[in-house]
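All remarks here apply to the structure that follows.
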Amino acid sequence: MAAAGGRRLALDVHGRLRAMILSGELPPGSVLLQAEMARKLGVSRTPMREAFRLLQEEGLIDARPDQRARVKAVDPEDLDGVYGARIMLETLAVRVTAKSLTDEDLERMSDVLKRMQELAGTDQSDEWYAAHKEFHHISTQAVGTHLQRMLASLGEHSERYIRLAQLGVPGSHARAHKEHEALLAALRGSDPAEAARVVAGHLARTALGVLAEAAPEYEPAATRTALGIAGGSQS
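Note that my numbering has the sequence shown beginning at 5, numbered continuously upward.
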């Protein structure tokens with residue numbers, strides 16, 4: 005029981021630190037000390053050490069043996085790889101799902117999209133991301149468990165980049181809303197090819213927008229190649 009409780013506490017600490025990094029409260033380059041963060045969050049060093057390990061595995065921090073860590077800056081190769089893979093897998097999943105969605109599924113997507121629009125630009129960013137995750141999940145729900153796990157992992161990994169895009173790319177929320185509307189329209193029309201094209205362009209826009217700000221000299225070969233294969237376009 006004690007071990008289970010310790011694991012739950014470590015996961016809670018990890019979640020709190022992760023949210024602080026993703027929101028920008030702990031920006032890239034921030035130095036994190038285990039003892040200091042443990043005091044700040046009111047926990048012992050043991051769950052903090054495990055939380056650091058999990059954040060290191062996610063690529064959010066560089067941890068050092070001296071119980072220090074630094075919040076990582078955007079890694080262009082990581083971003084490119086994540087979005088290249090996500091474009092390929094999510095367009096596949098959308099194509100599989102497009103003709104199996106029920107009227108109830110489509111109505112739920114519409115309701116979620118309305119909620120996203122209401123939350124966009126407010127201080128309820130976590131609620132917006134939860135709705136965004138639900139919207140994309142419905143659009144890919146027909147694929148099997150293994151592919152769902154892969155999509156979920158890529159989605160979690162890309163959340164930081166989505167947040168960066170919305171902070172650094174003007175008009176990002178409005179553009180995303182139009183793309184989500186276009187995806188819903190394609191799914192209402194049972195058009196797998198158009199749904200895949202919209203998804204590919206939507207994902208690529210996020211990746212290319214962040215890279216243009218964070219690493220303009222980097223050539224995102226994986227994202228551009230995946231976009232070409234999936235039939236998307238960038239204007």
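We treat Cβ as the ideally placed atom computed from N, Cα and C, and that holds for glycine. Only a predicted model underlies this, so the values are computations on that prediction, with no experimental measurement involved.
{"query": "Those runs of the alpha helix (DSSP H) which lie wholly inside the stretch 59 to 121 and span at least 4 residues", "result": "80 to 101"}
{"query": "Buried or exposed (CB count within 10 angstroms, at least 16 for buried), LYS182", "result": "exposed"}
{"query": "Span of the beta strand (DSSP E), counted from its first residue to its last, around VAL35", "result": "35 to 37"}
{"query": "Local conformation of GLY19 per DSSP, three classes", "result": "helix"}
{"query": "Own chain partners of GLU163 with C-beta closer than 7 Å, once the 5 adjacent residues on each side are dropped", "result": "LEU26 and TYR133"}
{"query": "SER143, buried or exposed, once every other Cβ within 10 Å from all chains shown has been counted against 16", "result": "buried"}
{"query": "For PRO196, the first and last residue of its enclosing alpha helix (DSSP H)", "result": "196 to 218"}
{"query": "Straight-line gap, ARG90 to GLY159 (C-alpha atoms, nearest Å)", "result": "8 Å"}
{"query": "Distance, VAL78 Cα to PRO220 Cα", "result": "12 Å"}
{"query": "Check whether ALA102 and LEU207 have beta carbons under 7 Å apart", "result": "no"}
{"query": "Terminal residues of the alpha helix (DSSP H) in which GLY232 lies", "result": "225 to 234"}
{"query": "Complete runs of the alpha helix (DSSP H) confined to the stretch 119 to 165 [at least 4 residues]", "result": "129 to 143"}
{"query": "Closest by C-alpha distance to VAL17, when choosing among VAL35, ARG119 and MET52", "result": "MET52"}
{"query": "DSSP three-state assignment for PRO32, whether helix, strand or coil", "result": "coil"}
{"query": "CA-to-CA distance, SER34 to ALA197, given in whole angstroms", "result": "43 Å"}
{"query": "Per-residue DSSP class, three states only, for GLU185", "result": "helix"}
{"query": "Under the three-state DSSP convention, the category GLU54 falls into", "result": "helix"}
{"query": "Own chain, CB closer than 7 Å to ARG49, minus 5 neighbours either side, in chain order", "result": "GLN38, ALA39 and ALA42"}
{"query": "ASP115 burial status per 10 Å Cβ neighbour count (16 or more: buried)", "result": "exposed"}
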